[in-house]
Amino acid sequence: MKIALLGYGKEGKSVETYFKNHYEDLECDIFENFTYDEIKQRDYSSYDMIFRSPSVPPLHLSNETSVTKYFFDHCPCTIIGVTATKGKGTTCSFIKSLLDAHHEDTHLVGNIGVPALDVLDILNSSSVIVYELSSFQLWDLEKSPHIAVLGHLEPDHLNIHRDYTDYLAAKANITKYQSGQDYLVFNQNNPETAKIASTSQAIKIAYPFDQSNQLSAVVRQSIALPGRHNQENAMAAIAAVACFYNISP
């Protein structure tokens with residue numbers, strides 16, 4: 020097995036460790052401190068797989084992948100994926116705390132928590148993954164999580180993404196490949212999020228909850244963190260966990 024790592028941060032080191040544990044004959048070439056133009060010009064035909072770091076734009080090669088893509092292809096359990104411009108880490112923490120009360124085999128991975136490949140070998144069909152997904156991790160994803168949470172979106176990372184349209188297209192991948200058996204929890208007050216949700220095939224749960232929803236009052240009274248944004252993150256988390264247990268929020 021011969022792999023190339025485009026970048027050697029937290030995820031790149033996790034890839035190297037994972038594949039060393041699975042292939043005694045592993046050859047691993049590490050590339051760092053490069054420009055995108057430089058990395059595009061290399062010949063990767065001798066590699067079985069090329070793992071790009073999250074901030075490296077996709078090269079669109081047949082043997083190219085990422086930690087997120089590889090994990091989604093090999094994960095044996097339910098994935099709850101969360102993305103937003105801001106607040107996704109808080110939402111993920113809320114979701115894990117809620118699940119921990121009833122489900123002991125829950126793992127928080129992605130931007131918050133540990134690299135996804137660090138836990139892949141210990142998962143089984145009853146495990147649950149809460150995955151914080153940045154636009155970079157979603158960029159070329161070709162599978163969507165069973166339960167997706169799409170929060171508030173606004174321009175970000177435009178020094179890496181081609182433009183705002185490219186950024187939104189990356190975020191949209193969290194629901195692009197969902198079916199009618201999957202769930203999308205989305206922020207109905209954000210125009211960009213609502214627009215993406217309108218194209219989704221998933222079962223849709225909108226938040227913030229209407230004032231008439233009894234959970235809305237519970238959240239507003241119970242969440243100690245200040246700010247409407249934290250209350251909305253809590254509503255998104257409650258909705259996601261409700262979807263996992265097939266309960267209507």
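In terms of the working numbering, the sequence shown opens at residue 20 and continues consecutively.
Backbone N, C-alpha and C fix where the C-beta goes; we use that ideal spot for every residue, glycine too.
Exercise. Could you give the DSSP three-state label for Ala274: helix, strand or coil?
Key: Residue 274 is absent from the structure shown; the chain starts at 20 and stops at 268.
Practice problem: Kindly indicate the opening and closing residues of the alpha helix (DSSP H) around Gly31. | Solution: As a first step, residue 31 must be located in the sequence shown, where it is residue number 12. Here the alpha helix (DSSP H) through Gly31 covers Lys29 to His41.
Quiz item: Is Tyr186 helix, strand or coil by DSSP?
Solution: Here residue 186 is taken as the residue at index 167 of the sequence shown, counted from 1. DSSP places Tyr186 in helix when its eight states are reduced to three.
Practice problem: Below 8 Å on the Cβ atoms is my guess for Thr109 versus Asn252; work out the distance and round it to an integer in Å. | Solution: Indexing the sequence shown from 1 puts residue 109 at position 90. Indexing the sequence shown from 1 puts residue 252 at position 233. With 8 Å as the limit, Thr109 and Asn252 qualify as a contact, their Cβ atoms being about 5 Å apart.
Self-check item: Classification of Thr218 by the beta-carbon crowding that lies within 10 angstroms, buried from 16 upward
Solution: Sequence index remark: in the sequence shown, residue 218 carries index 199 (1-based). Flag for Thr218 reads exposed.
Quiz item: Looking at Asn130 and Leu160, is the spacing between their C-beta atoms short of 8 Å?
Solution: In the sequence shown, the residue the question calls residue 160 occupies position 141. In the sequence shown, the residue the question calls residue 130 occupies position 111. No.
Quiz item: Under 8 Å, do Pro76 and Tyr63 count as touching if we go by C-beta distance?
Solution: Taking the first residue of the sequence shown as 1, we reach residue 76 at position 57. Taking the first residue of the sequence shown as 1, we reach residue 63 at position 44. Result no, Cβ atoms of Pro76 and Tyr63 do not sit closer than 8 Å.
Quiz item: Do three or more CB pairs link the stretch 185 to 201 to the stretch 106 to 125 at distances below 8 Å?
Solution: no
Exercise. Rounded to whole angstroms, what's the CA-CA distance from Pro174 to Trp158? Just pull it up for me.
Key: One-based indexing of the sequence shown puts residue 174 at position 155. One-based indexing of the sequence shown puts residue 158 at position 139. For Pro174 and Trp158, the distance between alpha carbons rounds to 15 Å.
Exercise. Grab me the residues of Met254's own chain with a C-beta within less than 6 Å of its C-beta, minus the 5 sequence neighbours each way, in chain order.
Key: As a first step, residue 254 must be located in the sequence shown, where it is residue number 235. Around Met254: Tyr226, Pro227, Phe228 and Val238.
Practice problem: Please confirm if the stretch 97 to 106 is in contact with the stretch 145 to 155, defined as three or more CB-CB distances below 8 Å between the two stretches. | Solution: Counting Cβ pairs under 8 Å, three or more are found: they touch.
Self-check item: Among Ser145, Lys107, Ser116 and Asn143, the one whose alpha carbon lies nearest that of Ala167
Solution: As a position in the sequence shown, residue 167 is number 148, starting the count at 1. When only C-alpha atoms are compared, the closest one is Lys107.
Quiz item: Taking Asn82 as the reference, which of Asp67, His93, Tyr89 and Pro73 has the closest Cα?
Solution: Against the sequence shown, residue 82 aligns to sequence position 63. Answer by Cα proximity: Asp67.
Quiz item: Taking only runs of the beta strand (DSSP E) that begin and end inside the stretch 173 to 221, which ones reach a length of at least 3 residues, in chain order?
Solution: Listed in chain order, the complete beta strand (DSSP E) runs (minimum 3 residues) inside the stretch 173 to 221 are 202 to 206.
Quiz item: On the premise that Ile148 lies in contact with Cys111, defined as a C-beta separation below 8 Å, what is that separation, rounded to the nearest angstrom?
Solution: For the purposes of this step, residue 111 is taken as residue 92 along the sequence shown, with counting starting at 1. For the purposes of this step, residue 148 is taken as residue 129 along the sequence shown, with counting starting at 1. Not quite, the Cβ-Cβ distance comes to about 10 Å (not below 8 Å), so this is no contact.
Quiz item: Can you tell me whether DSSP reads Glu57 as helix, strand or coil?
Solution: Indexing the sequence shown from 1 puts residue 57 at position 38. Correct three-state label for Glu57: helix.
Exercise. Indicate whether Ile222 and Tyr196 have their beta-carbon atoms separated by less than 8 Å.
Key: To locate residue 222, count along the sequence shown from 1; it is residue 203. To locate residue 196, count along the sequence shown from 1; it is residue 177. Not in contact: Ile222 and Tyr196 (Cβ atoms no closer than 8 Å).
Exercise. Per DSSP, which residues does Leu127 bridge with? Please list them.
Key: Position 108 of the sequence shown, counted from the first residue, corresponds to residue 127. Leu127 is bridged to Val149.
Self-check item: Contact under 8 Å by Cβ, Ala256 with Ile224
Solution: By 1-based counting over the sequence shown, the position of residue 256 is 237. By 1-based counting over the sequence shown, the position of residue 224 is 205. Contact flag unset, no.
Practice problem: Report back the beta-carbon spacing between Thr87 and Ala135 to the nearest angstrom; my notes put them in contact at under 8 Å. | Solution: Taking the sequence shown and counting its residues from 1, the one referred to as residue 87 is at position 68. Taking the sequence shown and counting its residues from 1, the one referred to as residue 135 is at position 116. So it is a contact: roughly 7 Å between Cβ atoms.
Quiz item: At which residue ranges does the stretch 43 to 107 contain complete alpha helix (DSSP H) runs of 4 or more residues, listed in the order of the chain?
Solution: 55 to 59 and 86 to 93
Quiz prompt | Separation of Asn208 from Tyr216, as counted between CA atoms | solution = Indexing the sequence shown from 1 puts residue 216 at position 197. Indexing the sequence shown from 1 puts residue 208 at position 189. Reading the sequence as shown, one finds Ala at residue 216 and not Tyr. Those two C-alpha atoms are separated by around 12 Å.
Practice problem: Starting from Ala23, follow its DSSP beta bridges and name the residues at the other end. | Solution: For the purposes of this step, residue 23 is taken as the residue at position 4 of the sequence shown. Ala23 pairs with Asp48 and Ile69.
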